[in-house]
Amino acid sequence: MTETITIIIDGQDYQVPRGMNLVDAAKMHGVDIPVFCHHPKLEPVGMCRMCLVELGSLAVNRETGQPERDENGQPVVRWFPKLQTACTQEASPGMAVRTDSAAVAQARYNVLEFLLTSHPLDCPICDKGGECPLQELTMAYGPGQSRFIYDDKMHLAKQIPLGDLICLDRERCIQCARCIRFCDEIVGDEVLAFHERGRRLQIITISDPPFDTKFSGNTTDICPVGALTTVDFRFGARPWELDEVASICPHCPVGCNISASTRLDRDFGGRKMIKRIMPRQNEAVNEIWICDKGRFGHHHSRSEERLTQPMIRRDEEWVPITWETAYREIAAQLARHGRESGFLAGASLSNEDLWELRKLARLTHADCSLGVWPATMGGIEQVTQVGVGVGTRLQDLGPDSAILVIASDLDEEAPIWWLQVKQAADRGAKVVAANGRATKLDQYATVALRYPYGEAVAALNSFAVIARRSNAIDEAFVAARAEGFAEFDASLKGARVPKPYAEAAQALLGAKDLVVFVGGEGVTLAQHGELMQAAANLLILTGHAGRANNGLIPVWPGANMQGALDMGFGPQATHDLIAQRPAMWIIAEADPVAEDARMAEVLVGAEFVALATQFMTPTAEKAHVLLPVQSFAEREGTFTNGLRRVQRFYMAQTPLEGTLPAWKVFAHISSSMPGGAKPRIAPGLVMRDITQHVLRYAEMSYPNLAHVEPQFPLVGGEDMYYGGTAYSNHGGLGVQWATNAEKEKYSLAVRPVDVARPRLDGLAVVPVRLLYDREPLFAPSSIMHQRVPAPYVELNVRDAEALGIAEGDAVMLTADDVQMAAEARVNSHAPAGTVLVPQRLGATPIPATLVECVVQKMEG
Amino acid sequence: MPGAWLLADAKDPHRNGVLKTMTHILLRNRDIADIWQFDTYVANGGYDALKRAVNDLSPDEVIQIVSAANLRGRGGAGFPTGRKWSFIPKDAPVKYVTVNADESEPGTFKDRELLEKNPHQVIEGALIAAYAIQATAVYIYCRGEFWDLALALEERIEEARQANLAGEDILGSGWSCPVYVHLGAGAYICGEESALLNSVQGVLGQPRVRPPFPAQVGGGLYYAPTVVNNVETLANAPWIILNGADAYKAIGTPESPGPKIFCMSGHVERPGNYELPLGITFRELIYDQAGGIPNGKKLKGILPSGASGPVLRATEEVLDAPLTYESVAALGSTLGSASFILMDEDTDMVWAAAKMTHFFRHESCGKCTPCREGTYWLDTIYERILRGEGTARDLELLEKVPQQIMGLVLCALGDFACNPVLSTVRQFRDEYEQYIGLAEPVAAEA
Ligand SMILES: Cc1cc2nc3c(=O)[nH]c(=O)nc-3n(C[C@H](O)[C@H](O)[C@H](O)COP(=O)(O)O)c2cc1C
Ligand code: SF4
Ligand code: SF4
Ligand code: SF4
Ligand code: FES
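Top line first, the protein sequences correspond to chains A and B.
Going by our numbering, the first sequence runs without a break in its numbering and finishes at 860.
Going by our numbering, the second sequence runs without a break in its numbering and finishes at 446.
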C-alpha cells in the first residue's frame, strides 16, 4: 500500500513506509528515540523537546540528480545546524538521522533535567511508579543529580478531581497535552484544556459536568506520568505487584481486548483480585482504547450481592442445596417435561456456556426451542452472507470509505465503534447517520438522516432504489454472486424515494468501501430481519461484500449475542417460547422479567424454572432453582464480537467460593441425564467440541485464538515506550469467521423487503439503550453511579404541551401491560408522536418497541 | 519632532539631499495633524496607492514592486516582505492577511503611534498586501491593552468600507476583502505569528509546530495560507507603490533600505519615536536625535531590540556602527523592532538582566520544556543573586542553563530569554561577581 523508502539512521539504511512518523519508523527497527509528548495515535506537537535528533538529508547533485559522494565514496549529508524534533518529521527519501551523537545525548539529558526541576519526588507513592516513562527515561538518559536547588521546587494541588472518575496531581503534570489531545482529536469531546501559561500552565476541565466524556480513563493510560489517576485504582497497588491477565470486556458487542491487572489482595481475603482494567492492544478491535464502562464496570465480579450457593424454592423459601442435588433435580425435571422445555440464553454467556446449554437442550428433546435474550434483533442469515469481511479494521476506513449507521445510537451502544467511525469521518470517510432522532454521530456525519420511527426499512430500501437508478450497481458482482436479483430488481421499480433518503444514499454510493452498522432502535423484531436484509441487498447490489472493510456490522445488544446466534440460539425462538408458554424453562444469564412485562406472568405460570445467574434478579425471584454462575473475570472462555471475531478471555480473579462456570453447570446436568456424557474438564475442550460441530468455528481452537502477531504502534512493551498506553497483547488476537460472500461457492440472496410501516396512533414508545444503565453486570460498579440517571422518558415539546407536562414532571407511562413511573424530559430530541424510553434505568420493565402508550402527569 | 530627516551630518551617500528635504513617510501624523481623519488622509494622497494597485497593477506586479524595494519586516526578523507575499499559493480559495499589532516587546511603542495617529495608512498598507495575495479577509490583531485603539480602528475601517476601499467589491474590482479587528488578552507570546493565529482562532495562544508555515495550506489562520506582517511593515507599502522601488531604495542602505521608526526609552534625554533612514549610526540616533543621556551621564548598555536582543556595551565601535539589520547582527545583537532601551553608567546590569528574565519567565507560554522550565530556573537564580545569596555556582548556571534552551525550543521566545542573561554575564561579569561577593567592588570606569 504505502511506498517503502530508505532512510539513514545512525549510518545505517532502513526501509520504512513513506510518511511514517520518524519516531515510529525508528522504533519499528528497534531504534529508540525517547518521547514524552509524542504519541503514535495523536498529531505531533513538538512540545516536550525530548525527541531532539540531528537531522539532515542526502545531498543531491543538481546537475546529475545523483547523490553527492565524498572522497571516500560515502554519501554526503547536509545536516540542519540545530537539532530537530523527530516527532514532527515524516520519513522521506534521503532523510538522515543521528540519534547517537553527543549533542543528542546532551539534549535529552537537558530536557530531563528541566522536567525534573518542577517534578515532585513522589515516585515511592505514585501510581505510575514502575511504569512511568519519566522514571524510565531519566534512568536511561537523565542526570543522576539536579543542579536545581530543591527549596525552589514548586508546590501545587495534588488531589484535584477532574470529574467523578479521574484525579489530577498538578505537581506531577509535565504539560505534554496528551490528555487534552486525546479528548480533542480522538474523541472530539472538548473537555480538557490548558489554563494559564509558563510554568503555571495547568490542566483544567472545561465541561459541565466536568470531564464529560465516556473515554476519560484512557487519558490516565496515555499520561506519561502519574498526574492523572483513576479514582478506582488510585493508591490501589504498585504496578510491579500486578499480574496482567488477558480478558475481553463483557459489556458490549465491540469486544474490547482488556488486560486485568490483578494481585492477591487483602481486600479480597488474600485471593487474586482485579485491581484495574487496562486496554490491551488489538488494532483490529479496540486499538489501544476502552470506554469507561469497560474500565470501571468490573465490580460486579466481586459484588457482595453475588449468589454463591445453589438454592431451591421450597414453600416460598430459598433453601440451600448442593450442586449435585441441583443437577439431579433439574435433570429429573427435564426428563419429565421433555419437549415441553424452553431454553433461554443471555447475551453475556460465553460460547462454551452456550454450547453446553445447547447440548443439554438437544439431550432433552430435539425440538426444544433455543431462545436468546434480549430477543429484539435478528438477522443472523444476513450476517452469515455479508457480515463485514475478514481482516476488517475500522481504523483503516478513510477517504475512500462510506459508513452507514442505521437505527443505532452507536455512542451509547458500542462506544469504541463510535470512536472509530468518528475518526473515519475525520479522515474523510462519508458517514450517514440514520435514525429516528438525533444522535451524537450527527455532528460528524456527512448526512444526518431522520426518518419517522417505523420507517427504517423503507429508508434503507430506498438506498437500493437510488443505487439502481444511479447505475451504482456492481453488475459483475451481482451477475456472479447474487441470487433472486430479477425479482428484487422488479420490486425497486417505480418506488418513490423522498429527497432526504436519496441524498443520504448518494453520499454513500461510489465509495471503494462500504460498511453498514445496523442497530435495533425503534425497530420491531419482524422489521429487524427486513432491515438486515435491506442492508444485505444494498451491500450485494453495490458489490460491497466479501472483502475486508466492507459489509454488515450488527450492533447487537450484549457482548456475545453473535456467539449465541452462532450456537443456534435465536430471537424468534424466544418469541415462540413466550407464545407457547412451556412448562419448564432453563434460563441462563438473562433477566427477562425485568425487561419484559409479560415474562413475570409467563414464568409464574410455568411449573419449573431453573436460572443460572450471578445475582438475585427479578427473574430469579420467579425461579425454582438458582444456579450461581461465574462472571467473565473468574473463568476462561470466548466471546464473539460484532465483527464475528472469536476472542479468548482468561481467568483473572479467584472465583467466589460456591460458584461455577455456566458451561460446567450445564455439562453436569447433561451428565445427570440419560445418555449424557461425562463433562469436559476444561473450556478449551468444550471449544474443541465446538470446532468439530459448528462449521464456522472450525478454526477457533484455543491455540489459534491465542495466536499473536506484532502490531504497530509498538505499545506496552518492557521499555515503556509511549508510556503505559496499553498492554501489549499476549492473550491472542482472536479469529474472525468468514462469511459466505468470502467463499466463491455460495450465492448471496437478495430479495424484496417488506417496507410496511406499523400503524401508529397516539404516542408510540421507542426504547433506547444507554451505556450507563442499571443492568445487573453494571449496577454493582457504584463508582459509576453518578453517571446513571434516574428513570426518565423523553417527550417532544409539542406532545408534552398537549398533555400539560413540563420538564422535570413526574409522569406515569402506561402501555398494554406496563406501568412505569419516570421523570419527564421535554425537548425536541424526541420526535413528535414518540416517547423515548431508556432501557434498564429502573426495576420495572419498559414497553416494547413501537407500542402505543399513554403518558400522564402524576399529581402531588 | 518635525523634520526628523534633517540629519546633522550627512556623511554617507545614502543620506542624500533628497532626504534632507523630506518629511515623514510613516509618522506623517507628525507633519499633518489630523491625518487620522479619513478626509484629511485622502486629501493628502491617502488610498491613492491602493487605488493604483487595484486599478492599474496586477497582484503579481504589486509583489514585484515590494520585492524590488527590498522592504524588510519591521516586526523583528527583517524578513523580505515581498518574498513573504510571494509564498502564498495562488490557487488557495481562502487566504488571509493578518496585521501583527500585538506590540508587546518592552520598549516598543511605534505601532501604537501609527495606529493611533495614522491609522488609515496601516489599513491601506494591509489592503495592498491583501490585494497582492488576493486575500479573502484582513485581521488586525491588537494586544489586549489596545482596546480603546481597537474601537477607534473599527471606525476607521468602517470609513474605508463606506468609501468602497474595503469590504465588498473593492473599487468595483470584483475583489472583496473585509477588514476585522481582533483583540488579544494581553500576552507577549501572542505577538509570535503562529501563537497570534491561534489567538485569533480563539484557542490557547501557543506557537504552532512548523512546517506547515503560515503561508502554507494548513499553517495559517484557520489553516488557510496567511501573511502575517507587522504594522510598521505594512505602513511602508502605500509609499512604495506610489513612489516606486527605486525611490524607496534611495533611503537607507541597499541591504536595509527604507525608513525605520526607532523607539527610544530608558536613560535618554528625549524619549519617543524617531523615524529615520536605516543606516544612520547609533551615535547619530542616540546623541544627535534623541539628545543623549540625561545628567551628563555616560552610556553603558544599549538594548537595540527591547528585552529580546543581546545587550551591547556602548563602546566607540558600537556607537559608530550603522543601524542596519546586518551591522547590528555583526556586533552580536539584533536590530529587531529597533526598540532602544538605553542604560547609563549607574545602571545595575544584573538587576536589569533579572528584570528581563522575570519578564520572560512570566511570558513563556509553557508549551515547550526548555523555555518553560529554563526561564523559571533562571529567574529563581536571579532572585537568589539579588537577595545577596548567589554563589559562584549560580553564575556558572547562568551561563549553562541558556545553552540548554537556545536553539532547542519551539519558538524564538526561548532564545530571546537567553539573550539578556548571556550578554550581561559575558560583558558585565564584574557586576555579577560583586553580587556574589567573589570580587571586591571595582571602581567605576575611568
Ligand atoms: C516571542 C515573540 C514575540 C513577537 N512579538 C511581535 C510583536 O509584538 N509584533 C510584531 O510585529 N512581531 C512580533 N514578533 C515577530 C512575529 O513572529 C513575526 O515575525 C512578524 O509579525 C512578521 O512580520 P514582519 O515580517 O512584518 O516583520 C514576535 C516574535 C516572537 C518570537
Ligand atoms: S496530565 Fe498527564 S497527559 Fe495531561 S498534560 Fe499533564 S502530563 Fe500530559
Ligand atoms: S466499547 Fe464496549 S467492549 Fe469496549 S470497553 Fe466499552 S463497553 Fe466494553
Ligand atoms: S519557546 Fe517558550 S514561548 Fe516559545 S513555544 Fe516554547 S515555551 Fe512557548
Ligand atoms: S517534542 Fe517530540 S516527543 Fe515531545
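Backbone N, C-alpha and C fix where the C-beta goes; we use that ideal spot for every residue, glycine too.
Would residue i pass as an interface residue toward chain A - the criterion being a Cβ-Cβ separation below 9 Å?
i	result
residue 448 of chain B	There is simply no residue 448 of chain B to check, as chain B begins at 1 and stops at 446 in what is shown.
residue 189 of chain B	yes
residue 112 of chain B	no
residue 21 of chain B	Its pLDDT being 41, under 50, residue 21 of chain B is placed unreliably in this model, and the value from its coordinates should be taken loosely. By this cut-off, residue 21 of chain B is not an interface position.
residue 448 of chain B	Lying before the first or after the last residue shown, residue 448 of chain B is absent from chain B, which here runs from 1 to 446.
residue 201 of chain B	no
residue 484 of chain B	Nothing about residue 484 of chain B can be reported from this structure: the residues present for chain B run from 1 to 446 only.
residue 409 of chain B	yes
residue 453 of chain B	Chain B is shown from 1 up to 446; residue 453 of chain B falls before or after that span and cannot be answered.
residue 380 of chain B	yes
residue 12 of chain B	At residue 12 of chain B, the pLDDT of 46 sits below 50, so the modelled position is not reliable and the matter cannot be decided from this model.
residue 393 of chain B	yes
I want to verify the contact list: residues of chain B whose CB lies under 7 Å from the CB of residue i, in sequence order.
i	result
residue 94 of chain A	Going along chain B, no residue has its Cβ under 7 Å from residue 94 of chain A, so there is no contact; the nearest lies around 17 Å.
residue 117 of chain A	373, 377
residue 45 of chain A	209
residue 419 of chain A	Correct list: empty, because the minimum Cβ distance to chain B is about 23 Å.
residue 152 of chain A	380
Taking 9 Å as the threshold (beta carbon to beta carbon), is residue i in contact with chain B?
i	result
residue 193 of chain A	yes
residue 238 of chain A	no
residue 778 of chain A	no
residue 174 of chain A	yes
residue 82 of chain A	yes
residue 308 of chain A	no
residue 22 of chain A	no
Since residue i is in the beta strand (DSSP E), which residue starts that stretch and which ends it?
i	result
residue 9 of chain A	4–9
residue 371 of chain A	369–373
residue 684 of chain A	Note, residue 684 of chain A: premise wrong, no beta strand (DSSP E); alpha helix (DSSP H) at 683–693.
residue 640 of chain A	637–640
residue 100 of chain B	96–101
Can you pull the chain B neighbours of residue i, defined as C-beta to C-beta under 8 Å?
i	result
residue 148 of chain A	377
residue 198 of chain A	361, 362, 363, 364, 365, 366, 372, 375, 376
Does residue i come within less than 9 Å of chain C when only Cβ atoms are used?
i	result
residue 397 of chain B	In the displayed structure, chain C is absent; the protein chains listed are A and B.
Cβ closer than 9 Å: which chain B residues qualify as neighbours of residue i?
i	result
residue 88 of chain A	209, 210, 211
Starting from residue i, find everything on chain A with Cβ-Cβ shorter than 7 Å and list it in chain order.
i	result
residue 369 of chain B	48, 49, 111, 114, 115
residue 121 of chain B	Residues of chain A passing the Cβ test: none, with the nearest at roughly 33 Å.
Listing by chain order, which chain A residues have their CB less than 9 Å from the CB of residue i?
i	result
residue 181 of chain B	Those do not exist, as residue 181 of chain B stays about 23 Å from chain A at its closest Cβ, beyond 9 Å.
Along the chain, where does the alpha helix (DSSP H) that runs through residue i open and close?
i	result
residue 679 of chain A	Here residue 679 of chain A belongs to no alpha helix (DSSP H), and DSSP marks it neither H nor E.
residue 701 of chain A	From DSSP, residue 701 of chain A is part of no alpha helix (DSSP H); its letter is neither H nor E.
Counting only Cβ-Cβ distances shorter than 7 Å, please list the residues of the region 122–143 of chain A near chain B, keeping chain order. none
If you scan the region 744–820 of chain A from start to end, which runs of the beta strand (DSSP E) of 3 or more residues do you find wholly inside it? 763–768, 792–796, 810–815
Segments assigned beta strand (DSSP E), at least 3 residues, entirely inside the region 299–350 of chain B: 299–307, 339–344
Could you give the uninterrupted runs of the beta strand (DSSP E) lying entirely in the region 109–150 of chain B, keeping only those of 3 residues or more? 137–142
Output needed in chain order: residues of the region 100–111 of chain A with a Cβ under 8 Å from some Cβ in chain B. 107, 110, 111
Alpha helix (DSSP H) runs contained entirely in the region 231–299 of chain B, provided each spans 4 or more residues: 231–249
Let me know the beta strand (DSSP E) ranges lying completely inside the region 31–96 of chain A, each 3 residues or longer, listed in chain order. 52–58, 77–79
Completely contained beta strand (DSSP E) runs for the region 130–155 of chain A, where each covers 3 or more residues: none
Hey, which unbroken runs of the beta strand (DSSP E) at 3 residues or more fall wholly within the region 168–195 of chain B? 179–183
Tell me the start and end of each unbroken alpha helix (DSSP H) in the region 339–409 of chain B that is at least 4 residues and wholly inside, in chain order. 349–363, 369–386, 392–400
Complete beta strand (DSSP E) runs within the region 204–273 of chain A (minimum length 3 residues, chain order): 228–230, 243–248, 257–265
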